[in-house]
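Q: My questions all concern the structure below.
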Amino acid sequence: MSDTVRPVASHYINGHYVEDRAGTPIPVIYPASGAEIARVHAATPEIVEQALAAAQAAQAEWAALSGRERGRILTDAARIIRSRNNELSVLETWDTGKPLQETLVADATSGADALEYFGGLAASLTGEHIQLGADWVYTIREALGVCVGIGAWNYPTQIACWKAAPALACGNTMVFKPSEQTPLCALKIADILTEAGAPPGVFNVVQGMGEVGGALVADPRVAKVSLTGSVPTGRRVYAAAAAQMKHVTMELGGKSPLVIFDDADLDNAVGGAINGNFYSSGQICSNGTRVFVQRGIKEAFLARLAERLKDAVIGDPLDEATSFGPMVSERQMNIVLSYIEKGQAEGARLVSGGQRIDLPGWYLEPTVFADVTDEMTIAREEIFGPVMSVLDFDDEDEVIARANATEFGLSAGVFTRDLARGHRVIGKLQAGSCFINSYNDAPVEAPFGGVKASGVGRENAKAAIEHYSQQKSVYVRMGDVEAPF
Ligand code: NDP
Numbered sequence: 001m002s003d004t005v006r007p008v009a010s011h012y013i014n015g016h017y018v019e020d021r022a023g024t025p026i027p028v029i030y031p032a033s034g035a036e037i038a039r040v041h042a043a044t045p046e047i048v049e050q051a052l053a054a055a056q057a058a059q060a061e062w063a064a065l066s067g068r069e070r071g072r073i074l075t076d077a078a079r080i081i082r083s084r085n086n087e088l089s090v091l092e093t094w095d096t097g098k099p100l101q102e103t104l105v106a107d108a109t110s111g112a113d114a115l116e117y118f119g120g121l122a123a124s125l126t127g128e129h130i131q132l133g134a135d136w137v138y139t140i141r142e143a144l145g146v147c148v149g150i151g152a153w154n155y156p157t158q159i160a161c162w163k164a165a166p167a168l169a170c171g172n173t174m175v176f177k178p179s180e181q182t183p184l185c186a187l188k189i190a191d192i193l194t195e196a197g198a199p200p201g202v203f204n205v206v207q208g209m210g211e212v213g214g215a216l217v218a219d220p221r222v223a224k225v226s227l228t229g230s231v232p233t234g235r236r237v238y239a240a241a242a243a244q245m246k247h248v249t250m251e252l253g254g255k256s257p258l259v260i261f262d263d264a265d266l267d268n269a270v271g272g273a274i275n276g277n278f279y280s281s282g283q284i285c286s287n288g289t290r291v292f293v294q295r296g297i298k299e300a301f302l303a304r305l306a307e308r309l310k311d312a313v314i315g316d317p318l319d320e321a322t323s324f325g326p327m328v329s330e331r332q333m334n335i336v337l338s339y340i341e342k343g344q345a346e347g348a349r350l351v352s353g354g355q356r357i358d359l360p361g362w363y364l365e366p367t368v369f370a371d372v373t374d375e376m377t378i379a380r381e382e383i384f385g386p387v388m389s390v391l392d393f394d395d396e397d398e399v400i401a402r403a404n405a406t407e408f409g410l411s412a413g414v415f416t417r418d419l420a421r422g423h424r425v426i427g428k429l430q431a432g433s434c435f436i437n438s439y440n441d442a443p444v445e446a447p448f449g450g451v452k453a454s455g456v457g458r459e460n461a462k463a464a465i466e467h468y469s470q471q472k473s474v475y476v477r478m479g480d481v482e483a484p485f
């Protein structure tokens, strides 16, 4: 382990690392060994106060810069991230246990994409002019103020950047709280933003559990809350934000359908199902964990899947050859194991995996259940681990109705060679982020987010600008005012 893994201090406030050992200690556990690799401290009320005060003090001046000036800082941060991709990817691997093979291409790089994209957009954020005869209206796109970002543990760098980039581009400042399970990466992003020229207080990071998040959400200085987390946490945070009429973005969980028709390219469909269930050891919100396979190709699909699963390289995440790593924590591993037990108890057919792997750390086998039916627990609840449920279907209308019979609506995918059918089916699936003949691509140019219980608002793309800014409209009368008396 290099020294760069150990954070300089627990928090990053007003352009500096800040420590306060009075806060509850949070051990940072490397998921591939179970060893403690660092320790941070949860934010005390004083730390929360410092961070919010810094963000509030910085906001007006930050918003007063031109979009071009703000954008240049964000794109400079993106450049620094890219130049340090290797170091940041290794850190992401220590923080999450995800294989370096993934983190080298999916984490710091996608964070840089977001900073680059919104950095580029910042200069073009404008209001509009609306002519009304002689009179006219103009609109001003304003920042919301101080934003709070709260992250999940699966993509700590990406989540910090996906929230910071649009927020800062629009002239907001942010206090970000990572998941207490992955506290390291966001600190580096804060440090890099400072190096790129972000003024003190523009992006701050405080550590802690849900109660720190709760304190941030409840503070009246905060104008907006963006959460990435589970649906139950989303309900709590949304309700707390609503009490003070705050803006929200909610990126929550899912139980997304991946529909494979019998005319699909089998290898591509199997590849999509692997990406949509086993990347990041299945710890991805948008995963297509209900794999509906048309009955005619079911056995061929399962056979090809079993063959390809043999190629998974399970082991040391820091070895670039490894393609499948551990779960983030012992707790998460046990949650997933309990779902595997439920799957077996409720009559699903275990066709691959299902066991803990005899390695140090929290490794589970990639697991596939066949003959899963809609009412089984593993088909209804988000597992957030490497467990694929394969369900049979016969026709299009049936699969659409069954795919939509869930409270979730984050993602959906369709594999078919009949493109008309692909578009028709995707059009009827209730989901925010969809894929045809692919799964889990999330470029910054595409809006990302869910419908129904899976979320509110969108991250990425121009859509995110609407969630980090508001419009002031100004009516300008050019003549006399007519009044009734
Ligand atoms: P949680 O919902 O448990 O936690 C999310 C974050 O919210 C954590 O930082 C947590 O703190 C914090 N938190 C918990 N309670 C509160 C509260 N009352 N007030 C404010 N903040 C609070 O999610 P996980 O971290 O377990 O992440 C997994 C979940 O995230 C899955 O459901 C997954 O689908 C979802 N997710 C959604 C994504 C999306 O974009 N739609 C992407 C990635 C994940 P702490 O944990 O430190 O106590």
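Under my numbering, the letters of the sequence shown match residues 1 to 485, in that order.
Just so you know, even glycine gets a beta-carbon here, dropped at the ideal spot from N, CA and C.
#1: Take Ile297 as the anchor and find which of Val225, Asp395, Tyr339 has the nearest alpha-carbon.
#2: Any heavy atom of ligand 1 closer than 8 angstroms to the Cβ of Met174?
#3: Taking a contact to mean a Cβ-Cβ separation below 9 angstroms, would you say Arg477 touches Asp20 in this structure?
#4: Would you say Glu229 touches ligand 1, meaning its beta carbon is less than 8 angstroms from a heavy atom?
#5: May I ask you to report which of helix, strand or coil DSSP gives Tyr12?
#6: Looking at the unbroken alpha helix (DSSP H) that takes in Ser338, where does it start and where does it end?
#7: Which whole-angstrom value describes the C-beta separation of Thr322 and Met388, a residue pair presumed to lie in contact below a C-beta threshold of 8 angstroms?
#8: Based on Cα-Cα distance, which residue from Leu337, Ser83, Glu102, Glu211 lies nearest to Pro317?
#9: Report the option in Pro178, Ala143, Arg68, Asp76 whose CA atom is closest to the CA atom of Ser124.
#10: I need the straight-line Cα distance from Ser230 to Gly253, nearest angstrom please.
#11: Return the first residue and the last residue of the alpha helix (DSSP H) that Lys428 is part of.
#12: Starting from the Cα of Gln56, find the closest Cα among Asn287, Glu381, Val222 and give me that residue.
#13: Can you tell which of Val148, Ala9, Val351, Ser256 has the C-alpha that lies nearest to the C-alpha of Ala303?
#14: Report, in whole angstroms, the separation of the C-beta atoms of Pro200 and Asn14, which I expect to be a contact under 8 angstroms.
#15: Out of curiosity, what's the CA-to-CA distance linking Gln181 and Arg6?
#16: Secondary structure at Cys161, three-state DSSP: helix, strand or coil?
#17: Starting from the Cα of Val399, find the closest Cα among Leu410, Gln59, Ile383, Gln430 and give me that residue.
#18: For the beta strand (DSSP E) holding Ile436, just list the boundary residues, first then last.
#19: Along the chain, where does the alpha helix (DSSP H) containing Val153 start, and where does it finish?
#20: State yes or no: is the C-beta of Thr233 nearer than 8 angstroms to some heavy atom of ligand 1?
#21: So, under 8 angstroms CB-CB, Ile81 and Leu115 are touching, yes? Tell me the CB distance rounded to an integer number of Å.
#22: Does the distance between the C-beta of Ile150 and the nearest non-hydrogen atom of ligand 1 fall short of 8 angstroms?
#23: List, from N- to C-terminal side, the alpha helix (DSSP H) runs of 4 residues or more that fit wholly inside the segment 278-327.
#24: For the putative contact between Gly361 and Pro31, defined by C-beta atoms under 8 angstroms, what is the C-beta separation to the nearest angstrom?
#25: What do you reckon, is the C-beta of Ala122 under 8 angstroms from a heavy atom of ligand 1?
#26: Roughly how far, in whole angstroms, is the beta-carbon of Ala186 from the beta-carbon of Ala160, given that I think they are within contact range, below 8 angstroms?
#27: Tell me which same chain residues have a C-beta within less than 7 angstroms of the C-beta of Arg417, skipping the five on either side of it?
#28: Check whether the Cβ atoms of Gln59 and Val137 lie closer than 9 angstroms to each other.
#29: From what residue to what residue does the alpha helix (DSSP H) around Glu195 run?
#30: Who pairs with Met250 in a beta bridge, going by DSSP?
#31: Within its chain, find whatever has a CB closer than 6 angstroms to the CB of Lys462; leave out the 5 residues flanking it on each side and keep chain order.
#32: Which residue wins for smallest C-alpha separation from Val368, given the options Leu359, Ala43, Ala379?
#33: State the start and end residues of the unbroken beta strand (DSSP E) segment that holds Asn204.
#34: Could you check what DSSP says for Tyr501 in three-state terms: helix, strand or coil?
#35: Any heavy atom of ligand 2 closer than 8 angstroms to the beta-carbon of Ile378?
#36: For the beta strand (DSSP E) containing Ala412, name the first residue and the last one.
A: A quick look at the data gives this:
#1: Counted from its first residue, the sequence shown places residue 297 at position 297. For Ile297, the nearest C-alpha among the options comes from Asp395.
#2: Within the sequence shown, numbered from 1, the residue matching residue 174 stands at position 174. Relative to ligand 1, the beta carbon of Met174 is positioned no closer than 8 angstroms to any heavy atom.
#3: Working through the sequence shown from its first residue, we reach residue 477 at position 477. Working through the sequence shown from its first residue, we reach residue 20 at position 20. In this structure, Asp20 does not lie closer than 9 angstroms to Arg477 by Cβ.
#4: Walking along the sequence shown from the start, residue 229 turns up at place 229. The residue asked about is misnamed: residue 229 is Gly in this sequence, not Glu. Under cutoff, so the answer is yes.
#5: As a first step, residue 12 is located in the sequence shown; it is residue number 12 there, counting from the start. Residue state, collapsed to three classes: strand.
#6: Position 338 of the sequence shown holds residue 338. Residues 330-345.
#7: The residue labelled residue 322 in the question sits at position 322 within the sequence shown. The residue labelled residue 388 in the question sits at position 388 within the sequence shown. Going by Cβ atoms, the distance from Thr322 to Met388 rounds to 20 angstroms, so no, they are not a contact pair.
#8: As a working note, residue 317 is residue 317 in the sequence shown. Ranking the options by Cα distance to Pro317, first place goes to Glu102.
#9: Residue numbering aside, residue 124 sits at position 124 when the sequence shown is read from its first letter. The candidate whose alpha carbon is nearest that of Ser124 is Arg68.
#10: Looking up residue 230 in the sequence shown gives position 230. Looking up residue 253 in the sequence shown gives position 253. Each residue's Cα considered, the two are about 5 angstroms apart.
#11: Taking the sequence shown and counting its residues from 1, the one referred to as residue 428 is at position 428. Element bounds for Lys428: 419-428.
#12: Your numbering for residue 56 matches position 56 in the sequence shown. Of Asn287, Glu381, Val222, the residue nearest in Cα terms is Val222.
#13: Within the sequence shown, numbered from 1, the residue matching residue 303 stands at position 303. Here the closest residue by C-alpha is Val351.
#14: The sequence position of residue 200 within the sequence shown is 200, counting from 1. The sequence position of residue 14 within the sequence shown is 14, counting from 1. Their Cβ separation, rounded to whole angstroms, is 4 angstroms, which keeps Pro200 and Asn14 in contact under 8 angstroms.
#15: Position 181 of the sequence shown holds residue 181. Position 6 of the sequence shown holds residue 6. If I take the Cα positions, the gap works out to 14 angstroms.
#16: As a working note, residue 161 is residue 161 in the sequence shown. Reduced to three states, the DSSP call for Cys161 is helix.
#17: Residue numbering aside, residue 399 sits at position 399 when the sequence shown is read from its first letter. Of the listed residues, the one whose Cα sits closest to Val399 is Gln430.
#18: In the sequence shown, residue 436 corresponds to position 436, counting from 1. Counting along the chain, the unbroken beta strand (DSSP E) around Ile436 starts and ends at 433-436.
#19: Reading the sequence shown from its first residue, position 153 is the one you call residue 153. Note that residue 153 corresponds to Trp in the displayed sequence, not to Val. First-last for Trp153: undefined, no H or E at that position.
#20: Within the sequence shown, the letter at position 233 stands for residue 233. Yes, the Cβ of Thr233 comes within 8 angstroms of a heavy atom of ligand 1.
#21: One-based indexing of the sequence shown puts residue 81 at position 81. One-based indexing of the sequence shown puts residue 115 at position 115. Between Leu115 and Ile81 the Cβ distance is about 7 angstroms, and since that is below 8 angstroms, they are a contact.
#22: For the purposes of this step, residue 150 is identified with residue 150 of the sequence shown, where counting begins at 1. Yes, ligand 1 has a heavy atom inside 8 angstroms of this Cβ.
#23: Listed in chain order, they are 298-309.
#24: By one-based count along the sequence shown, residue 361 stands at place 361. By one-based count along the sequence shown, residue 31 stands at place 31. Cβ-Cβ separation between Gly361 and Pro31: approximately 5 angstroms, consistent with a contact (criterion under 8 angstroms).
#25: In the sequence shown, residue 122 corresponds to position 122, counting from 1. No, the beta carbon of Ala122 sits no closer than 8 angstroms to any heavy atom of ligand 1.
#26: For the purposes of this step, residue 186 is taken as the residue at position 186 of the sequence shown. For the purposes of this step, residue 160 is taken as the residue at position 160 of the sequence shown. With a Cβ gap of about 4 angstroms, Ala186 and Ala160 count as contacting.
#27: Position 417 of the sequence shown, counting from 1, holds the residue named residue 417. These residues qualify, in order along the chain: Asp263, Ala264, Asp265.
#28: Here residue 59 refers to the residue found at position 59 when the sequence shown is read from its first residue. Here residue 137 refers to the residue found at position 137 when the sequence shown is read from its first residue. Taking 9 angstroms as the Cβ cut-off, Gln59 and Val137 do not qualify as a contacting pair.
#29: Position 195 of the sequence shown holds residue 195. Note, Glu195: alpha helix (DSSP H), 185-195.
#30: Within the sequence shown, numbered from 1, the residue matching residue 250 stands at position 250. Beta-bridge pairing links Met250 to Leu227, Val456.
#31: One-based indexing of the sequence shown puts residue 462 at position 462. If we look at Lys462 and ignore the five residues flanking it on each side, it has no Cβ neighbours.
#32: Reading the sequence shown from its first residue, position 368 is the one you call residue 368. Of the listed residues, the one whose Cα sits closest to Val368 is Ala379.
#33: Position 204 of the sequence shown, counting from 1, holds the residue named residue 204. 203-205 is the extent of the beta strand (DSSP E) around Asn204.
#34: Summary: the structure shown does not reach residue 501, with the chain confined to residues 1 through 485, and so no result is reported for it.
#35: Questions concerning ligand 2 fall outside what the structure shown contains, since the ligands it does hold are ligand 1.
#36: Position 412 of the sequence shown holds residue 412. Start and end: 411-415.
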